[in-house]
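Peer 1: These protein sequences, in sequence, are chains A and B. In terms of this note's numbering, the first sequence opens at residue 362 and continues consecutively. In terms of this note's numbering, the second sequence opens at residue 102 and continues consecutively.
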Amino acid sequence: MVAGRTHRRVGVTGAASDLGRVLLPRLLEDPRVTEIVVFDVTRPVDLPERVRFVRLDLLRPGAEGDLERALFEARLDALYHLAFVNSRVHRASFAHELEVIGTLHLLAAAGAVKVPRLIVPSLTVLYGARAQNPAYATETQPLQTVPGIRFVSDRFEVERQLAEFVDRFPDVEVLVLRFAPIVGPSSNNPFTRLVRARVVPTVMGFDPLWQVVHEDDAGRALYLALHTRARGIFNIVGEGVAPVSSLLRAAGTTTLPMAGPLLRSAVTALEAVGLPASPWALMDFFRYSWLADGRRAARDLHFLPHLPVHEAMATMTRRG
Amino acid sequence: MAAKRVLGNDPFKRGAAARVPVATKPTLKTGGARPPTPELQTKAKRSSKEPVRHDATPRATPLGRAPASHGNAPTIGADPMPHAGAPVATTLGRAPSQHHGSPVVAADPVHHDATPEGFTLGRMPARHSHSPFVRADPVAHAAAPVAVPLSGAQAHAHSPTVQFQAVVHADAPSARELSAAQAHPGSPSLKADPIAHAQTPEAVELLGAQPHAQSPSVVVDPVRHAETPDAHPLSFAEPHSQSPSLVTRTSNEDAEPSAPITEQRSRTSLLSKDGAVASARGIAGAVRALLGQSGKDTRVDAYGRDESLVAALQPLADALYERYWRVTVEGANLVPPGASVLVANHAGALPIDGPLLHHALKRHRADLKPARWLLEDQIFHAPGLGVLWNRLGAVRASPENAMQLLADATPIVVFPEGIQGLSKPFAERYQLQRFGRGGYVKIAARAGVPIVPVAIVGAEESMPLLAKLPGSALGMPFLPLTLPPLPARWFLRFGTPIVVDGGADAAGDLALVQRINEQVRDTIDVMLKDLLSRRDGVF
């Protein structure tokens, strides 16, 4: 920590998201953070008094103008962009608008105002599960989308915009944190919904290695990104890896191994009758390991996860 | 030592005679006006059915009748005059067993012009296993005395600026080498010429040989190569041809064990109650792993190895190792401490050679980190088997994984033949396939770790590939039709480590990579033939 590197005025979009909820308490505890500005369409419930709320609709046409003005007035030192949809309640088209178009507006405004630091979460899912991938994906590994899975393809699009933004505005310190699946009692994302399912089919004869990161660790990593001198992309993963069947069972889920061809035809049949089943593309995540190398975060971000993978999964058994 | 037998009484006789053909009458041809590009080794796709031919050969020198032109050493057959392009051919098949104890040196001067050129004199017939001799091959005045091993030798081609050092642990002569070993008691040590040290004397240590008491470092003066005086009944000279800017050595100076390495015998017998219970649990765990259903307490390391499953299967593995397959290991002490790239031949319908080699290393070299073997995609991603192998320690073969493991001081085992090694029919057993594109050489160069050639005999007969069934439904290239593992005896032999210096530069030098790749392949081939020739009976 160097003087002048402190980010005293911090802005947050998506403060009500899972990541926002684990981040805000840490910001509030930090004496170096003098002001927190939350941008949202409505004031999140139980927002502490200290936090300044600025009403902002990222989706409204011309939102970048409003945002630009708001950012300029707030004279932020750092901006967290956490407005991503993880829960299932939203319609897919809305989620796409918020994630892709919302980020587009935000980046336009952040570039115009030259926000000193921009911190955006991303996903290690974007490295994909491929037979040819190395065991551990480093931050330089090319990303790939999973066609038909909005959750992945939208974030892929966001990453693409961020890469362009970094090229265009080299003065802005952009930190992208690619999170392994975030687990924890208060998390709600596609992965936790999978874990909370009663029975999860897996592919027989395959047991790929997965990583998770606990929500507390994820929040800590986000917070560490505020003060670090490093910039760039960081994989945020929990400690250790586990075979997917072991990982799901540690959370109290029953796994049902199904023969690959059988599973494939089941998925095809469900799709044919129009049920929103997981496409076959996601099955690769149940066949090939997809692990990310978290050493850069440990070295430059000083992020060391506290909870090993099985303990992190065990927190999921306490269902609320 | 039993009498020499072709393929060691291979009961599957078909094609057996053809596999050790050099024994009959190989005309090994060397020399000649060769292009300066060192392509010969790569070009020579050697089928073991015919002797290695190297080039046009106007003159043949049967090794058994080495010219007496070097008066000082009657047992040295050397051609002292380095005539430019004077082609010499040596018939190797004539080295008879009357050379017992009298090492023969055949110096074979080939080129006088300074062309750094790689060529291999080729395999020596397996029947030479009792007549060790040294074959000196001064190329471009960089003398390359090659210690011809028990069964084979390759030549050295060195450019003058290439350093090729080999620190020899004159291993205590093994039982079968005893007669030869008497020929050079003590630790002969020759003076080195600083410009062109070319020497590759190596010794193969057999199981049970005494630790390296003497370490004669044999250094050969390239200028005085004609009188290259010493014949060592050492084994396995590797051919080395280097590009001038790189330094390559075969060395095992690091591998000096302070104490004799003893095999870690199994403590828990399978037949004991504890062993049986543990084994039952291990088998249950293995079946769960095969199905892809690990328990909720399954802990794996960063690459998927399940230590508790490995421990549970230990008694069973020991029983298979000691009683069923009766594995014999030679030269395990040659494996240097720390990281290294062990290169082995791949064989059998199902790749049990990886775990077996891993197990052998664990028993013989407890000082090393457990070796990880790299598996080609077709096996690593095969349903069931891939998961089980991964839990036992296999890692998918990829440069990134290999570099990472080496950085963690883990020895890695690679099978450069890949799926080709597994998919050859039984009739072609122990015939090495193409060694990939030499990726492991690049990795070893980049990581600065030695390459250890390993020959494995027994896999082919344990799990013969009888037929290939279509396996596309399971995403496999084929489904092997095989027998349940047969109790063939296994022999593992580790060769002298080869160090590729030069780092990333060497890794980028494709010609060098190919030469070393071919050299490693030749070395393994020679070791295989030697093991096969000494094997009496498959089962």
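Yeah, the Cβ is synthetic: ideal placement off N, Cα and C, and Gly gets one too.
Go to B/PRO588, then tell me how far its beta strand (DSSP E) extends in each direction, as first and last residue.
Peer 2: Neither: B/PRO588 is in no beta strand (DSSP E) and is coded neither H nor E.
Peer 1: According to a CB-to-CB cut-off of less than 9 Å, which residues of the region 492-525 of chain B neighbour chain A?
Peer 2: Within the region 492-525 of chain B, the qualifying residues are ARG492, VAL496, ARG497, SER499, PRO500, GLU501, ASN502 and GLN505.
Peer 1: Would you say A/VAL602 lies against chain B (beta-carbon separation less than 9 Å)?
Peer 2: Answer yes: the Cβ-Cβ gap between A/VAL602 and chain B drops below 9 Å somewhere.
Peer 1: What do you get for B/TRP630, buried or exposed, if any count of 16 or more other CB atoms within 10 angstroms of its CB means buried?
Peer 2: Correcting the residue type first, residue 630 of chain B is Lys in the shown sequence and not Trp. Looking at its Cβ environment, which holds 16 or more other Cβ atoms inside 10 Å, B/LYS630 is buried.
Peer 1: If we count the other Cβ atoms within 10 Å of its Cβ and call it buried at 16 or more, is A/PRO495 buried or exposed?
Peer 2: Burial call: buried.
Peer 1: Could you pull out every residue in the same chain whose Cβ sits closer than 7 Å to the Cβ of B/SER344, ignoring the five residues on either side in sequence?
Peer 2: Low confidence applies here, because B/SER344 scores a pLDDT of 36, under 50, leaving its location unreliable and the question unanswered by this model.
Peer 1: Within 10 angstroms of the Cβ of B/ILE384, are there 16 or more other Cβ atoms? Answer buried if so, exposed if not.
Peer 2: B/ILE384 comes out exposed.
Peer 1: Less than 9 Å between the C-beta atoms of A/VAL394 and A/VAL415, yes or no?
Peer 2: No.
Peer 1: Going by C-alpha to C-alpha distance, which of B/GLY405, B/SER395 and B/ALA412 sits closest to B/ASP375?
Peer 2: Ranking B/GLY405, B/SER395 and B/ALA412 by Cα distance to B/ASP375 puts B/ALA412 first.
Peer 1: What in chain B is Cβ-close to A/TYR649, meaning under 8 Å?
Peer 2: What A/TYR649 touches in chain B: HIS482.
Peer 1: May I have the straight-line CA-CA distance separating A/ALA357 from B/LYS397, to the nearest angstrom?
Peer 2: Nothing can be reported for residue 357 of chain A: it is not among the residues displayed for chain A, which extend from 362 to 681.
Peer 1: Give the range of the beta strand (DSSP E) segment to which B/LYS569 is assigned.
Peer 2: 568-570 is the extent of the beta strand (DSSP E) around B/LYS569.
Peer 1: The beta strand (DSSP E) with B/ARG466 in it runs from where to where?
Peer 2: Taken as a continuous stretch (DSSP letters only), B/ARG466 belongs to no beta strand (DSSP E), as it is neither H nor E.
Peer 1: Anything in the region 568-592 of chain A with a Cβ closer than 7 Å to a Cβ of chain B? List those residues in chain order, please.
Peer 2: Answer in chain order: ASP568 and LEU570.
Peer 1: Specify the secondary structure class of A/TYR497 as computed by DSSP and reduced to three states.
Peer 2: Strand at A/TYR497.
Peer 1: So, with DSSP's three-state summary, where would you put B/ILE617?
Peer 2: In this structure, B/ILE617 counts as helix in the three-state DSSP scheme.
Peer 1: Considering just the uninterrupted stretch of the alpha helix (DSSP H) at A/TYR457, what are its terminal residues?
Peer 2: It is worth fixing the name first, because residue 457 of chain A is His in this sequence and not Tyr. A/HIS457 -> alpha helix (DSSP H) spans 453-457.
Peer 1: Using beta-carbon positions only, say whether A/PHE540 and A/ALA582 come within less than 9 Å of one another.
Peer 2: Yes, the pair counts as a contact, with Cβ atoms nearer than the cut-off.
Peer 1: Of the residues that make up the region 400-416 of chain B, which ones have a beta carbon closer than 9 Å to any beta carbon in chain A?
Peer 2: Cβ contacts with chain A: ARG400, VAL401, ASP402, ALA403, TYR404, GLY405 and ASP407.
Peer 1: Verify the CB distance criterion: does B/ALA385 have a CB-CB separation below 9 Å to chain A?
Peer 2: Chain A, which has no Cβ nearer than 9 Å to the Cβ of B/ALA385, makes this no.
Peer 1: Is any heavy atom of the ligand MG found at a distance shorter than 8 Å from the C-beta of B/ILE617?
Peer 2: Annotation note on the ligand MG: not contained in the displayed structure, which lists no ligands.
Peer 1: Where does A/TYR584 fall in DSSP's three states?
Peer 2: In the structure shown, A/TYR584 sits in a helix (DSSP, three-state: H, G or I).
Peer 1: Under 9 Å between C-beta atoms, does A/GLN493 make it to chain B?
Peer 2: Chain B contact via Cβ: present.
Peer 1: Quick one: what's got a C-beta closer than 7 Å to B/PRO581's C-beta in the same chain, skipping five residues either side?
Peer 2: Taken in chain order, the residues that qualify are ALA450, LEU451, LEU566 and LYS569.
Peer 1: Would you decide whether A/VAL383 is buried or exposed? Buried here means 16 or more other CB atoms lie within 10 Å of its CB.
Peer 2: By the 10 Å Cβ count, A/VAL383 comes out buried.
Peer 1: Mind checking if B/LEU566 is an interface residue toward chain A, Cβ cutoff 9 Å exclusive?
Peer 2: Output row for B/LEU566: interface = no.
Peer 1: Does A/GLY566 come out as helix, strand or coil in the three-state DSSP assignment?
Peer 2: Note: A/GLY566 maps to coil in three-state DSSP.
Peer 1: Work out the CA separation of A/GLU520 and A/PHE512 for me, nearest whole Å.
Peer 2: If you take the alpha carbons of A/PHE512 and A/GLU520, they lie about 13 Å apart.
Peer 1: I need the boundaries of the alpha helix (DSSP H) containing A/SER606, first residue and last residue.
Peer 2: A/SER606 -> alpha helix (DSSP H) spans 605-611.
Peer 1: Quick one: which chain A residues come within Cβ less than 8 Å of B/ASP478?
Peer 2: The answer, in chain order, is ALA492 and GLN493.
Peer 1: For A/LEU484, collect the residues of the same chain with a Cβ closer than 7 Å to its Cβ; drop the 5 residues on either side in sequence, then sort them by chain order.
Peer 2: The residues are ARG516, ARG539 and PHE540.
Peer 1: Using a beta-carbon distance below 9 Å, is B/VAL555 in contact with chain A?
Peer 2: Cβ-Cβ to chain A under 9 Å: no for B/VAL555.
Peer 1: If you reduce the DSSP assignment to three classes, tell me which class A/GLU429 lands in.
Peer 2: Helix at A/GLU429.
Peer 1: Taking Cβ to Cβ, would you say B/LEU457 is nearer than 9 Å to B/VAL515?
Peer 2: No. Outside cutoff.
Peer 1: According to DSSP, is B/ALA282 helix, strand or coil?
Peer 2: With a pLDDT of only 34 at B/ALA282, under the threshold of 50, the placement of this residue in the model should not be trusted; the figure read from the coordinates follows. In this structure, B/ALA282 counts as helix in the three-state DSSP scheme.
Peer 1: From this set, A/PHE433, A/ARG478, A/ARG411 and A/GLY509, which residue's C-alpha is nearest A/SER688's C-alpha?
Peer 2: The structure shown has nothing for residue 688 of chain A, since chain A only spans 362 to 681.
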